[in-house]
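Asker:
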Amino acid sequence: MVKIKICGITNLKEAEIINQTKPDYFGLVFASGSHLVDIDTARQIRQEVNKNIPAVGVFVDAPFELIKQLADEKIIQIAQLHGSEKSEDIKRIRTELNIPVIDVINEDKLHRNSDADFLMVDARTSTVTRDQLSNDDSNLFVAGGINPENAQQTIDATKPFAIDVSRGVEVDGKKDIELVKAIVSIAHNN
Ligand SMILES: O=C(O)c1ccccc1NCC(=O)[C@H](O)[C@H](O)COP(=O)(O)O
1 MVKIKICGIT NLKEAEIINQ TKPDYFGLVF ASGSHLVDID TARQIRQEVN KNIPAVGVFV
61 DAPFELIKQL ADEKIIQIAQ LHGSEKSEDI KRIRTELNIP VIDVINEDKL HRNSDADFLM
121 VDARTSTVTR DQLSNDDSNL FVAGGINPEN AQQTIDATKP FAIDVSRGVE VDGKKDIELV
181 KAIVSIAHNN
């Protein structure tokens with residue numbers, strides 16, 4: 001089974017879609033853009049979603065204190081780092097906050113050893129391909145432009161641990177339950 005994260009959950013209606021479609025993770029974005037949520041909204045969404053589905057906090061060079069507050073309050077269970085965070089930042093989050101880290105790889109970060117629990121290649125922000133990673137990179141999330149039409153092809157080509165999807169399951173900027181259902185089914189049937 002390929003796992004799936006539905007990213008960019010912004011309201012309680014979308015929280016309910018997560019409960020009904022049961023992906024393996026959902027994402028709360030704490031970085032500027034159309035999916036940005038404030039802490040109060042994130043808290044409400046976390047309370048609404050089934051506790052068995054971990055929330056991934058998405059950050060771009062965020063202050064440690066923000067990640068700490070969200071982890072301490074159990075609003076997030078995993079941190080996903082898209083910025084130029086260093087190895088020490090990853091270690092600090094893992095040891096002091098005791099939560100796993102997804103390190104989003106780009107060309108600059110490719111050749112250093114990541115201390116993260118998972119790696120992510122996001123086609124929106126890098127041109128890194130599966131072939132450029134070593135076989136040890138087994139805990140790989142693949143993201144960027146995935147939708148129900150191309151998900152199977154992406155899975156076949158990259159053999160990921162998980163796929164990460166946001167805009168590809170939206171209609172008019174909001175998550176669509178039928179599209180989410182379809183892509184969760186594709187991932188879980190692999
Ligand atoms: O979603 C955002 O607005 C965002 C902003 C800043 C950094 C990361 C962001 N999203 C990260 C994700 O995990 C997305 O799911 C990933 O980029 C894939 O997006 P999509 O191509 O829309 O499926």
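Per UniProt numbering, the sequence shown runs over residues 1 to 190.
Each residue gets a CB set at the ideal place from its N, CA and C atoms; glycine is no exception.
(1) Just list the alpha helix (DSSP H) runs in the region 73-99, keeping only unbroken ones of 4 residues or longer that don't cross its boundaries, in chain order.
(2) What are the boundary residues of the alpha helix (DSSP H) that includes residue 13?
(3) Let me check you understand the geometry: is the CB of residue 31 closer than 8 Å to at least one non-hydrogen atom of ligand 1?
(4) Does the region 160-171 come close enough to the region 16-36 that 3 or more CB-CB pairs lie under 8 Å?
(5) Go to residue 36, then tell me how far its alpha helix (DSSP H) extends in each direction, as first and last residue.
(6) Measure from the alpha carbon of residue 122 to the alpha carbon of each residue in 90, 175 and 107, then state which is nearest.
(7) In the DSSP output, which residue or residues are listed as bridge partners for residue 107?
(8) Please classify residue 103 as buried or exposed, where buried requires at least 16 other C-beta atoms within 10 Å of its C-beta.
(9) Find the nearest neighbour of residue 7 within the set 44, 71, 69 and 80, judged by alpha-carbon distance.
(10) In terms of residues, what are the limits of the beta strand (DSSP E) holding residue 29?
(11) Quick one: what's got a C-beta closer than 8 Å to residue 101's C-beta in the same chain, skipping five residues either side?
(12) Anyone know if the C-beta pair for residue 32 and residue 61 falls short of 9 Å?
(13) In the DSSP assignment, the beta strand (DSSP E) including residue 143 goes from what residue to what residue?
(14) Give the straight-line distance between the Cα atoms of residue 11 and residue 3, rounded to the nearest whole angstrom.
(15) Measuring straight from C-alpha to C-alpha, what distance separates residue 96 and residue 147?
(16) Nearest to residue 46 by CA position, among 19, 66, 68 and 65, is which residue?
(17) Give the straight-line distance between the Cα atoms of residue 105 and residue 126, rounded to the nearest whole angstrom.
(18) Report yes if the C-beta of residue 144 is less than 8 Å from at least one heavy atom of ligand 1; otherwise report no.
Answerer: Let me spell this out:
(1) DSSP runs (the alpha helix (DSSP H)) wholly in the region 73-99: 87-96.
(2) Residues 12-21.
(3) Proximity of the beta carbon of residue 31 to ligand 1 is indicated: a heavy atom of the ligand is located closer than 8 Å.
(4) With contact defined as three or more Cβ pairs closer than 8 Å, the region 16-36 and the region 160-171 are in contact.
(5) Here residue 36 belongs to no alpha helix (DSSP H), and DSSP marks it neither H nor E.
(6) It is 107.
(7) According to DSSP, which records beta bridges pairwise, residue 107 is partnered with nothing at all.
(8) Of the residues assessed, residue 103 falls on the buried side of the cut-off, its CB having 16 or more other CB atoms within 10 angstroms.
(9) Closest by alpha carbon: 80.
(10) Unbroken beta strand (DSSP E) run through residue 29: 25-29.
(11) Taking C-beta separations shorter than 8 Å and ignoring five residues to either side along the sequence, the partners of residue 101 in its chain run 78, 79, 80, 81, 90, 93, 94, 115, 116, 117 and 118, following chain order.
(12) No Cβ-Cβ contact shorter than 9 Å links residue 32 with residue 61.
(13) 140-143 is the span of the beta strand (DSSP E), which, as asked, contains residue 143.
(14) Rounded to the nearest whole angstrom, the C-alpha separation of residue 11 and residue 3 is 23 Å.
(15) Residue 147 has its alpha-carbon roughly 36 Å from the corresponding atom of residue 96.
(16) Minimum Cα distance to residue 46 is reached at 19.
(17) Distance between the alpha carbons of residue 105 and residue 126 is about 8 Å.
(18) For ligand 1, at least one heavy atom lies less than 8 Å from the Cβ of residue 144.
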